[in-house]
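Top line first, the protein sequences correspond to chains C and D. The opening position of the first sequence corresponds to residue 132 in my numbering, with each subsequent residue numbered one higher. The opening position of the second sequence corresponds to residue 139 in my numbering, with each subsequent residue numbered one higher.
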Amino acid sequence: MSSAYLFSILATAAIFTLLALSLNIITGYAGQAMMGIAAFFGIGAYTAAIITTHGGNFLLALLAAIVVSGICGAVLGVISLRLQADFLAITTIGINFVMAALFNSLKITGGTLGLTTTKPVVFGIRMTNFHFFIFTTVLIIIVCLLITKMRHSWFGMALASIENDPGAARSFGINVSKYQILAFTIGTALAGLTGGLYAHRMGFISSSDFAFVVSIQIVSMCVIGGLGTLRGPIFGAVLLSALPEVLRFADDYRELVYALLLVIMVRFMPGGLLGDDSPVWKFLVMIWRKIKPRKKTRADLIAEKAAEEGGQA
Amino acid sequence: MFTQQLMNALAIGSVYALTAMGATLIYGILGILDIANAGAYLIGAYLGWYIYYATGSIVLAFVLSMLAVGVLGILIQKFIYSPILAKPNTLSIIPLVAAVGLFTMSSDLVRLICGPYSYSYNFDFGVTSIKLGPVVLVPAWILIFALTAVLLLILWFILNKTKLGLAWRATANDTEIAKVCGVNTNNAMALSYILGYGFAAAAGIMVGILYNSITPALGEVPSYKMLAIIVLGGLGNPLGTVLAGLFIGFAEVFLSAYTSIPIPKDAIAFVVLIIMLLIKPEGLLGQKNKI
Chain C
132 MSSAYLFSIL ATAAIFTLLA LSLNIITGYA GQAMMGIAAF FGIGAYTAAI ITTHGGNFLL
192 ALLAAIVVSG ICGAVLGVIS LRLQADFLAI TTIGINFVMA ALFNSLKITG GTLGLTTTKP
252 VVFGIRMTNF HFFIFTTVLI IIVCLLITKM RHSWFGMALA SIENDPGAAR SFGINVSKYQ
312 ILAFTIGTAL AGLTGGLYAH RMGFISSSDF AFVVSIQIVS MCVIGGLGTL RGPIFGAVLL
372 SALPEVLRFA DDYRELVYAL LLVIMVRFMP GGLLGDDSPV WKFLVMIWRK IKPRKKTRAD
432 LIAEKAAEEG GQA
Chain D
139 MFTQQLMNAL AIGSVYALTA MGATLIYGIL GILDIANAGA YLIGAYLGWY IYYATGSIVL
199 AFVLSMLAVG VLGILIQKFI YSPILAKPNT LSIIPLVAAV GLFTMSSDLV RLICGPYSYS
259 YNFDFGVTSI KLGPVVLVPA WILIFALTAV LLLILWFILN KTKLGLAWRA TANDTEIAKV
319 CGVNTNNAMA LSYILGYGFA AAAGIMVGIL YNSITPALGE VPSYKMLAII VLGGLGNPLG
379 TVLAGLFIGF AEVFLSAYTS IPIPKDAIAF VVLIIMLLIK PEGLLGQKNK I
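Following this line, the structure appears as structure tokens:
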């Protein structure tokens, strides 16, 4: 396996990991049924591609992709306030189809011909797959750190409460509308950034890159890995990006295996392979504890002491 | 020309209504957005083709294909959807993901088993067209009108005049209460699937005859358009679904015939849906389980 080939797979896997993380913010943390993430991925991709083909700077184009996608996401967030879970799922599917149709017919997006981008030059380096892989991985690490921080912040806890029960969250004085819109904005902005990266890594984009199938692929990554966890979408994205390469010998059966895997997963392990309830994850945690026993916390020490005293009495 | 378009719209609308009816019946009881219904449509069309060519009888093709696909539906409900729904705290997109997986599987299995090329029904009506004053009727349209009307009447009869239909309506209203009152909710679910998948199979055969071509990609367009239609009809409302199916059929035929909008025909359903949801989020007739 040549290293160029390896890095092209790794760069793709990294980009889809970032996209899966963006969906995870909306669906995993805020519990909103988003089935059209590819539309926002596409909005970001076309925004960035249009700017760089007109001579704009790559990094500025990425910024524009974040802003435009985020604004569209905020609008969807406002719409989502009016819609129940299933209605929202269908509306987002619809948005995906309409956006893909628009990408395919508008003049500014190149119509059926798509758009061709040139490989950007950042700090004097012409970016190759290797550079895209490094760049995206750094972004993934930053996003993961931010998400971890977010989870422990007021915002993260508010999202968790909305995911659990919006009615109860509202009764505790949490501004559900505000946080829901915010989750949509952040998630779609990240999807837009990913789109900008994707457009320039591929060198060519057309409407089929942002079809509903792509949304389903991203949802599958999150569901197979484990929605609502950080490790799940990353694992799912890497697994599903590598799977087509591994299954190359059985090219004809690839889709079938993919679909079968998906059905088996949601049927027997709806929490995902690495979700909190999954036996696989529990097993891994158990092994980890054997290798590295948990440090005793103060609560443990008090409990032990109490047990000792209880034994003496 | 106008009446011609009208009849065309009515035929397409009827097929949409029939295809979406299955998804509506299933949503009414289980609350699942069952995209896999489009898989039933595809498998129904292929099974119908095989039966038609084996026996030479189109009636047998309709009846046997509907029955077989209906039974398949019950199996899918029993072994896949029910266990998923029985788990606590299931996110609403989980059954939808299962449905997408099942639909992809059905398309791919059909492609692998029957080959990627198209099959033709070559059904001979005996006449090529019927002139009715200024209107030229295609025989396939008449078949579609008649069969849709008959199937919807049967549905109306089952839901409103039989004990099983009463159980269905009670379950659709509130599954828990129905169960407490001694209604066999399992039967109601099975009824949803046998009728829902059976209707989808019939719609598949009708489309196969109308366009004289079936391919493994047959289910792709209905799979998502169906969703737009059942939402427009007010999720879980059979009468609303019929109206919404006709409405989308009309919107598509007339918008693409008389205007030059920059979106393809198949995306119109969703544009209508999005506008509609913003104005009236509860659907055309609201969420009622009556016919």
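Ideal Cβ placement from N, Cα and C applies to all residues, glycine included.
Q. Bridge partners of I256/C, per DSSP?
A. Beta-bridge analysis with DSSP links I256/C to V253/C.
Q | Straight-line gap, V388/C to I197/C (C-alpha atoms, nearest Å) | A | Pairing V388/C with I197/C, the inter-Cα distance amounts to about 35 Å.
**Q.** Candidates V350/C, D382/C, M333/C and N295/C: closest to S139/C by CA position
**A.** Checked all of V350/C, D382/C, M333/C and N295/C; the closest Cα to S139/C is M333/C.
Q) Just how far apart, CA to CA, sit L302/D and F303/C? A) Between L302/D and F303/C, the C-alpha separation is close to 44 Å.
Q) With a CB to CB cut of under 7 Å and the five nearest residues on each side skipped, what residues in its chain are close to V276/D? A) Counting only Cβ-Cβ distances below 7 Å, and skipping sequence neighbours, we find S267.
**Q.** Rounded C-alpha distance that separates S346/C from I168/C
**A.** So the two alpha carbons sit approximately 5 Å from each other.
Q: Check whether the stretch 236 to 247 of chain C touches the stretch 353 to 369 of chain C, counting contact only when three or more Cβ pairs, one atom from each stretch, lie closer than 8 Å.
A: The stretch 236 to 247 of chain C makes no contact with the stretch 353 to 369 of chain C; the number of CB pairs closer than 8 Å stays below 3.
Q) When the Cβ atoms of the stretch 181 to 192 of chain D are set against those of the stretch 361 to 376 of chain D, are three or more pairs found closer than 8 Å? A) Output reads no: the stretch 361 to 376 of chain D does not touch the stretch 181 to 192 of chain D.
Q | Within 7 Å, strictly: CB atoms of A180/C and L246/C | A | Going by C-beta atoms, A180/C is nearer than 7 Å to L246/C.
Q. Under 8 Å Cβ-Cβ, which residues of chain C neighbour Y349/D?
A. Those do not exist, as Y349/D stays about 21 Å from chain C at its closest Cβ, beyond 8 Å.
Q.
Could you pull the DSSP bridge partners for F335/C from this structure?
A. Bridge partners of F335/C according to DSSP: T247/C.
Q: Compare the C-beta of L370/D with all C-beta atoms of chain C and state if any pair is closer than 7 Å.
A: Not closer than 7 Å to any Cβ of chain C, the Cβ of L370/D fails to qualify, so no.
(Q) Please report whether the beta-carbon of G318/C lies at a distance below 7 Å from any beta-carbon of chain D. (A) Output row for G318/C: interface = no.
Q: Just the chain D side, please: which residues come within less than 7 Å of R398/C by C-beta, in chain order?
A: Going along chain D in sequence order, the residues near R398/C (Cβ under 7 Å) are I218, P221, I222 and A236.
**Q.** Chain-order list of residues whose beta-carbon lies under 6 Å from that of R362/C (same chain, five-residue window excluded)
**A.** The residues L405, in chain order, have a CB closer than 6 Å to that of R362/C in the same chain once the five nearest residues on each side in sequence are set aside.
Q) Which residues, in chain order, does the stretch 180 to 207 of chain D contribute to contact with chain C at a C-beta distance below 9 Å? A) Correct list: empty, as no residue qualifies.
Q | Where C353/C falls, given that 16 or more other Cβ within 10 Å makes a residue buried | A | So C353/C ends up on the buried side.
Q) Taking DSSP as the reference, what is the three-state secondary structure of Y257/D? A) Here Y257/D sits in strand by DSSP.
Q) How about the stretch 398 to 409 of chain D and the stretch 190 to 200 of chain D: do they share at least three Cβ pairs that are nearer than 8 Å? A) No: fewer than three Cβ pairs fall under 8 Å.
Q | Between the CA atoms of K225/D and Y384/C - distance to the nearest angstrom | A | Taking the straight line from one Cα to the other gives about 30 Å.
Q.
On the criterion of 16 or more Cβ atoms from any shown chain inside 10 Å, does D246/D qualify as buried, or is it exposed?
A. Per the 10 Å Cβ criterion, buried.
Q: Please state whether DSSP places I305/C in a helix, a strand or coil.
A: Judged by DSSP in its simplified three-state form, I305/C adopts coil rather than helix or strand.
Q | Residue range of the alpha helix (DSSP H) that includes K269/D | A | In the DSSP annotation of this structure, K269/D is not part of any alpha helix (DSSP H); the continuous beta strand (DSSP E) holding it starts and ends at I268 to L270.
(Q) Between the alpha carbons of V238/D and E439/C, how many angstroms are there, rounded? (A) Roughly 56 Å between the two C-alpha positions.
Q. Which one of L392/C, I273/C, L415/C and F399/C has the shortest CA to CA distance from T242/D?
A. T242/D has its Cα closest to that of L392/C, out of L392/C, I273/C, L415/C and F399/C.
Q. Does L171/D have its Cβ less than 7 Å from a Cβ in chain C?
A. Put simply, the CB of L171/D is near chain C, with a gap under 7 Å to one of its CB atoms.
Q | Rounded C-alpha distance that separates L290/C from I278/C | A | Straight through space, the alpha carbons of I278/C and L290/C are spaced by roughly 12 Å.
Q: Give a yes or no on whether the minimum CB-CB distance between F228/C and chain D is below 7 Å.
A: The beta carbon of F228/C sits closer than 7 Å to some beta carbon of chain D.
Q: Anything in the stretch 368 to 382 of chain C with a Cβ closer than 9 Å to a Cβ of chain D? List those residues in chain order, please.
A: Residues: none.
(Q) On the DSSP letters alone, give me the boundaries of the alpha helix (DSSP H) that L333/D sits inside. (A) Here the alpha helix (DSSP H) through L333/D covers T323 to Y349.
Q | Reference G356/C, options W412/C, F218/C, G298/C and F171/C, closest by Cα | A | Cα-wise, what sits closest to G356/C is W412/C.
Q: Below 9 Å between beta carbons is the criterion; list the residues of the stretch 306 to 331 of chain D that meet it against any residue of chain C, in chain order.
A: Answer in chain order: no residues at all.
Q) Are the CB atoms of A145/C and I226/C nearer to each other than 7 Å? A) Taking a C-beta distance under 7 Å as the contact criterion, A145/C and I226/C do not qualify as a contact pair.
Q.
Any beta carbon from chain C within less than 7 Å of S230/D's own beta carbon?
A. Taking 7 Å as the CB threshold, S230/D lines the interface with chain C.
Q | Distance between T268/C and W306/D (C-alpha atoms, nearest Å) | A | Looking at the backbone, the Cα of W306/D and that of T268/C are separated by about 53 Å.
(Q) So, for E390/D: in the same chain, excluding its five sequence neighbours on each side, which residues have a beta-carbon less than 6 Å away from its beta-carbon? (A) Listed in chain order, the non-local C-beta contacts of E390/D below 6 Å within the same chain comprise K403 and I406, local neighbours out to five positions each way being set aside.
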